[in-house]
Amino acid sequence: MFDDTSLLVYTLFYMIVSACFVLRTTEFVSNGITVENLLEIVIDKEYHNVILHHIKRTSYSIIVHSCLPLVYLLGTLLVNNNEKAFVSVYFYELIFLALLPVIGSLSVVSKWKSNNWANHPLSIILSRYNPVDWTIVAKTISTEYQCLQKLTLSYGTINRTVVTQNWIISIKLYMVYVSKKSESSFLVFSSDIHNSTPDGTPDSIQFINIQVIPIRSRIKWFFVRIRSEDFKTLEEHIGHPIQIADNVKLQRSRTERFIEVFRDQVSQNPIYKDYSSAELAEDVCAGCLVNPPDVKLTKCCEDSNDVPNCTSCQCRPMWCVDCMAKWYESRQPQNDTTIWLSSKCTCPLCRQMFCILDVCPLENSDLANTN
0 MFDDTSLLVY TLFYMIVSAC FVLRTTEFVS NGITVENLLE IVIDKEYHNV
50 ILHHIKRTSY SIIVHSCLPL VYLLGTLLVN NNEKAFVSVY FYELIFLALL
100 PVIGSLSVVS KWKSNNWANH PLSIILSRYN PVDWTIVAKT ISTEYQCLQK
150 LTLSYGTINR TVVTQNWIIS IKLYMVYVSK KSESSFLVFS SDIHNSTPDG
200 TPDSIQFINI QVIPIRSRIK WFFVRIRSED FKTLEEHIGH PIQIADNVKL
250 QRSRTERFIE VFRDQVSQNP IYKDYSSAEL AEDVCAGCLV NPPDVKLTKC
300 CEDSNDVPNC TSCQCRPMWC VDCMAKWYES RQPQNDTTIW LSSKCTCPLC
350 RQMFCILDVC PLENSDLANT N
């Protein structure tokens, strides 16, 4: 079928580029090769008007993506020199087939655009909250979207979940769903675990799918997909508990798992007796401002000629073991968790070097009692 090498190379190249363009790979997005950037003259900026931006983005994305088969066929006129090739023999028939999705998309978007985009699916959703003028709801959401307090959770470069003061927004490739937080119920109905994170970090990660069910009639439910470690943050921004199905078990975050390992090791370290928990009864941890200080950094490890040696820290106990674990984790290379326990860190205050063997529980603290 493909006797010409140039046509075959062009076809493979075009398929790869088209897939990257439609799926919005990181490389294409970072270089601005997206529909909203290529058509920025007609598509409003997201920060200025998030609703109108996504109304136009989804509409023009359908049109642009529907044109890809037609553009491919037109490109074959430049690279194909074989008159017996399939695209040459049936060129006009293929052009006709390629025009069908273009005509269909233009027809759909033209209907959406009528009456100032009032027929767009997103506009119809907003009209359920204000049947008289959906643009009032759109302006309210856009104003809240401009606030720094909003929560944005991304899943890849296509899907995003945005939680503003009163609204939850699910942004997808061809559609955007909106629901009022106070008029919605939330249910975690499924989850899946992957052995590596999207950025290549060798660690397991769990994604959960949350069904958002609007209470208001004639608004269709939708779902959002987030990392399980973002569940608590999402729940806090929503303002009320999220139900979890009986068949779903949330995986603890990497930080939570590391804190547990860190605590186990610290509980086995020598007890520091120059300070007692009674002496620090009125103090609180400088990190969380809730728990009392229960660890002291003091050199207990042996020196090594291969790495910088640890030194004694002269600071008074000011941290709880959980906050010290979080600080320790934040100073480690995030792409290799296997070396964390054998690595070193610096004191949050005096910057003296220490390792996990130098984190000692205070006398009479809960950590010391588990030793």
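Numbered per numbering that gives the first Met the number 0, the sequence shown finishes at 370, counting up by one with no gaps.
Don't be surprised by glycine CBs; every beta carbon is placed ideally from N, CA and C.
Computed from a predicted structure; not experimentally measured.
Return the residue from the list the options that minimises the CA-CA distance to residue i.
i: Phe20; options: Val63, Ile42, His53; result: Val63
i: Gln313; options: Thr345, Lys219, Cys322, Glu26; result: Thr345
i: Val162; options: Val108, Gln210, His236; result: His236
i: Gln145; options: Lys44, Glu234, Asn118; result: Lys44
i: Ser216; options: Lys179, Ser189, Tyr274, Ile241; result: Lys179
i: Val88; options: Asp335, Leu99, Thr75; result: Thr75
i: Gly238; options: Ile167, Asp132, Gln210; result: Ile167
Going straight from the alpha carbon of residue i to that of residue j, what length do you get?
i: Ala285; j: Gln267; result: 24 angstroms
i: Thr160; j: Thr151; result: 6 angstroms
i: Ile258; j: Lys295; result: 16 angstroms
i: Lys272; j: Ser311; result: 15 angstroms
i: Val49; j: Thr25; result: 22 angstroms
i: Leu51; j: Phe90; result: 39 angstroms
i: Asn30; j: Asp302; result: 48 angstroms
i: Tyr46; j: His53; result: 11 angstroms
i: Gln148; j: Lys171; result: 22 angstroms
i: Ala18; j: Thr142; result: 34 angstroms
i: Leu186; j: Lys298; result: 49 angstroms
i: Thr134; j: Trp116; result: 10 angstroms
i: Glu182; j: Tyr128; result: 11 angstroms
i: Leu37; j: Ser341; result: 49 angstroms
i: Thr139; j: Ser106; result: 30 angstroms
i: Phe1; j: Leu73; result: At Phe1, the pLDDT of 44 sits below 50, so the modelled position is not reliable and the matter cannot be decided from this model.
i: Glu35; j: Arg23; result: 11 angstroms
i: Pro240; j: Lys248; result: 16 angstroms
Return yes when the Cβ of residue j is within less than 8 angstroms of the Cβ of residue i, no when it is not.
i: Val70; j: Asn79; result: no
i: Cys300; j: Asp357; result: yes
i: Cys66; j: Val108; result: no
i: Phe188; j: Asn158; result: no
i: Leu11; j: Ala84; result: no
i: Ile61; j: Tyr173; result: yes
i: Cys287; j: Cys319; result: yes
Check the C-beta distance from residue i over to residue j and give it rounded, since I have them as a contact under 8 angstroms.
i: Phe221; j: Tyr176; result: 4 angstroms
i: Pro316; j: Leu279; result: 6 angstroms
i: Gln250; j: Gln205; result: 4 angstroms
i: Gln264; j: Ile355; result: 5 angstroms
i: Lys225; j: Pro360; result: What sits at residue 225 in the sequence shown is Ile, not Lys. Going by Cβ atoms, the distance from Ile225 to Pro360 rounds to 36 angstroms, so no, they are not a contact pair.
i: Glu228; j: Ser190; result: With 8 angstroms as the limit, Glu228 and Ser190 do not qualify as a contact, their Cβ atoms being about 12 angstroms apart.
### Query
Can you give, in chain order, each stretch of the beta strand (DSSP E) that sits fully within the segment 250-289 and has at least 3 residues?
Every beta strand (DSSP E) of 3 residues or more that sits fully in the segment 250-289 is shown, in chain order, as 271-275.
### beta strand (DSSP E) runs wholly inside the segment 142-167, at least 3 long, in chain order
150-154, 158-162
### Task
Enumerate, from N- to C-terminal direction, the unbroken alpha helix (DSSP H) stretches of 4 or more residues contained entirely within the segment 291-333.
320-329
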